[in-house]
Amino acid sequence: MSTPSFPTLTQALASINQSHLLTYYPSLSPDSQSKLLAQIKALDLRHIPKWVSEYVTAKPDATTASTSINPAPYYAIHDTSWDRSKYAKVGEQLLRDGKVAAFTVAGGQGTRLGYDGPKGCYPATPITNKPLFQVFAEGLLAAGRKYGRPIPWYIMTSPLNHAQTVAFFTQHSHFGLNAKDVKFFEQGVMPSFDMVSGKILLAAKDELATNPDGHGGAIRALDISGSIADMQSRGIAYLSYFQVDNPSVNIVDPVFLGLHAAAPDSSGEMSSKMVRKAGPDEKVGVFVSIDGRTQVMEYSDMPPALSKATLADGSLKFPGGSIAIHIISVEFLSRMASDARFALPFHRAEKKVPHVDLSTGNLVNPERPNAVKLEKFIFDALPLCKNSLVYETDRLEEFAPIKNATGTDSAESSKDLQSTRAARWLESVGVKVPRHTNGTVNALIELSPLTAIAPEDLKSKAASIKIDPGARITL
Ligand code: UTP
């Protein structure tokens, strides 16, 4: 692609009402001028007027025209009509054959957590405070040993945290993984727009305000970074997708892999895990079926009457909460990346974005949302599948997210859940775990993935484990 000259660029910006981006250009140093121009040239200017009119100055209508919103069908955890062990065997074979890689999206800004650094570096475990990245690395090491094949790991970063993330892994010798099996790539960014005028904001006189383009940006980023080609050359057919903030994720789940690859109602493109919603108001995306297509509806888009609707036994009619865990086939990813018909839509979020006030030249830190950020979400790929499958899992087994600094979904609540799950796993193999009279665990337990990635891994160790009331124990 040829690079536009400065006059062409000036003209192009004027034609899309974004000339203000060059307000300070004449007064900048040559380095700053080049930096600003490079950022502007990286934008796909043709699309900007459409994004502004569709998503920034107007709010897209999220209500669905369809009247047929049904709960998405799912493989229920306690349903004995399907054979878990059959699918576990399929999944285990895929792992033994080296067909599976892990994929973590770690490019988010983590504003709610407010941590100064990539979220994956955040201390997450109950006693030793291992960082999230280490928990996943140990899970992959253990799974690689269990199935006799190293499991490659693809990690999506953003320009905001890429260098720090790579340095963290280098500093920690990739936590024991072979460096050639850990691949980092950066996602793209989107400009942040002034909510009223639709003008792109300047973060500094020589810099546009931008934000990572959402976890849905993964599809393009996997492609242009060469990661899809790398997977294909390694013979990888399936990706185990998870977010960076859930230390309890079952990193490569054989049953889930087997269902995705072999269940009669799976198209083998993209599958999802769900947990039963804690209640009608829980703020998680919900699995619905619209016109026969399984998809995730954001909690804010779900009509309240549907969120609250119950069945005859009093349970929620729409029980399926998304925990952002998927299996995605490499072939599907490659098809999505190369075919414009599979382009994912943008979602609009109103945020507070610091910016240069063009009338004074000063940096402003807004107190109220002043800007629109546009992001793509990976789950918007689900309705593009011919047939996408949902598999129910137990919340305590697989979901202990760290989103906030305190309270719900914080490191504190996650550590508690991790310890409670460890207790459950130990009890399942006969270890006596002290409990309070109200049933909660009277100990703090940290279970390394190197010791167990599934309860059965503890069988051979159970006899030697003793836990005293009130103990802090690391296994
Ligand atoms: P969240 O929706 O929790 O966003 O991301 P966040 O940016 O991490 O946190 P907040 O909302 O600012 O507090 C869910 C997952 O998607 C990844 C995150 O790193 C996390 O694993 N993500 C999000 C990306 O990889 N890129 C993005 O652009 C956004």
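Under our numbering, the first residue of the sequence shown is numbered 685, with each subsequent residue one higher.
By construction, the Cβ of each residue, glycine as well, lies at the ideal position given by its N, Cα and C atoms.
All figures in this text were calculated on a predicted structure; none of them were measured in a lab.
N-terminal and C-terminal residue of the alpha helix (DSSP H) that residue i is part of
| i | result |
| --- | --- |
| tyrosine 771 | 768-780 |
| glycine 823 | 816-831 |
| glutamate 1130 | Unbroken run through glutamate 1130 is the beta strand (DSSP E), 1127-1130; no alpha helix (DSSP H). |
| phenylalanine 926 | Phenylalanine 926 -> not in any alpha helix (DSSP H); beta strand (DSSP E) instead, spanning 922-927. |
| methionine 915 | 911-918 |
| lysine 992 | 988-992 |
| aspartate 1025 | Residue identity check: residue 1025 is arginine in the sequence provided, not aspartate. Looking at the DSSP string, arginine 1025 is not in any alpha helix (DSSP H), and its letter there is neither H nor E. |
| arginine 1079 | 1079-1082 |
| threonine 841 | It is not in any alpha helix (DSSP H) - threonine 841 instead sits in the beta strand (DSSP E) that spans 837-841. |
CB of residue i within 9 Å of CB of residue j, strictly
| i | j | result |
| --- | --- | --- |
| valine 789 | glutamine 702 | no |
| glycine 882 | serine 737 | yes |
| threonine 841 | glutamine 818 | no |
| valine 1074 | glycine 1004 | yes |
| glycine 1091 | alanine 1127 | no |
| tyrosine 922 | alanine 945 | yes |
| serine 956 | valine 980 | yes |
| isoleucine 1009 | glutamate 1082 | yes |
| proline 931 | phenylalanine 1061 | no |
| alanine 786 | tyrosine 838 | yes |
| alanine 772 | valine 939 | yes |
| isoleucine 1151 | leucine 1110 | yes |
| valine 651 | proline 1118 | Residue 651 lies beyond the residue range present for the chain, which begins at 685 and ends at 1159; the question has no answer from this structure. |
| methionine 954 | phenylalanine 1030 | no |
| threonine 1104 | lysine 889 | no |
| serine 924 | isoleucine 753 | no |
| tyrosine 739 | valine 1056 | yes |
| histidine 631 | phenylalanine 868 | The structure shown does not extend to residue 631, since the chain spans only 685 to 1159, so no value can be given for it. |
| leucine 720 | leucine 729 | no |
| leucine 705 | isoleucine 1086 | no |
| phenylalanine 1002 | tyrosine 758 | no |
| glycine 919 | glycine 782 | yes |
| alanine 1146 | glycine 1114 | yes |
Limits of the unbroken beta strand (DSSP E) element including residue i
| i | result |
| --- | --- |
| alanine 1008 | 1004-1013 |
| serine 955 | 954-960 |
| arginine 796 | From DSSP, arginine 796 is part of no beta strand (DSSP E); its letter is neither H nor E. |
| alanine 1055 | 1055-1059 |
| glutamate 870 | 866-870 |
| phenylalanine 787 | 784-789 |
| alanine 1155 | 1155-1158 |
| valine 1074 | 1074-1076 |
| valine 873 | 873-875 |
Cβ-based burial, residue i [other Cβ within 10 Å; buried from 16]
| i | result |
| --- | --- |
| histidine 1165 | This structure cannot speak to residue 1165, because the chain is shown only from 685 to 1159. |
| lysine 961 | buried |
| glutamate 891 | exposed |
| threonine 854 | exposed |
| leucine 995 | exposed |
| alanine 726 | exposed |
| serine 950 | buried |
| alanine 1107 | buried |
| arginine 1025 | exposed |
| serine 1043 | exposed |
| glutamine 873 | At residue 873 the sequence reads valine, which differs from the glutamine that was named. So valine 873 ends up on the buried side. |
| serine 1006 | buried |
| asparagine 1054 | buried |
| aspartate 937 | buried |
| proline 896 | buried |
Coil, strand or helix - residue i by DSSP
| i | result |
| --- | --- |
| glutamate 1034 | strand |
| isoleucine 974 | strand |
| histidine 731 | helix |
| valine 880 | coil |
| lysine 719 | helix |
| tyrosine 708 | coil |
| valine 939 | helix |
| serine 713 | coil |
| histidine 899 | helix |
| leucine 886 | strand |
| proline 744 | coil |
| glutamine 695 | helix |
| serine 752 | coil |
| proline 1067 | helix |
| serine 1018 | helix |
| alanine 945 | helix |
| threonine 1104 | helix |
| histidine 1039 | strand |
| proline 931 | coil |
| leucine 1142 | helix |
Min CB distance residue i to chain D below 9 Å
| i | result |
| --- | --- |
| glycine 794 | Annotation note: the requested chain D is absent from the structure, which comprises a single protein chain. |
Distance cut-off 8 Å: residue i Cβ against heavy atoms of the ligand FAD
| i | result |
| --- | --- |
| valine 1048 | The ligand FAD is not part of the structure shown, which contains the ligand UTP as its ligands. |
Just to be sure I understand the criterion: a residue counts if its Cβ is closer than 5 Å to at least one heavy atom of the ligand UTP. Which residues meet that?
These are the residues, in chain order, with a beta carbon less than 5 Å from any non-hydrogen atom of the ligand UTP: Val789, Ala790, Gly791, Gly792, Gln793, Gly794, Thr795, Arg796, Pro896, Gly898, His899, Gln927, Val928.
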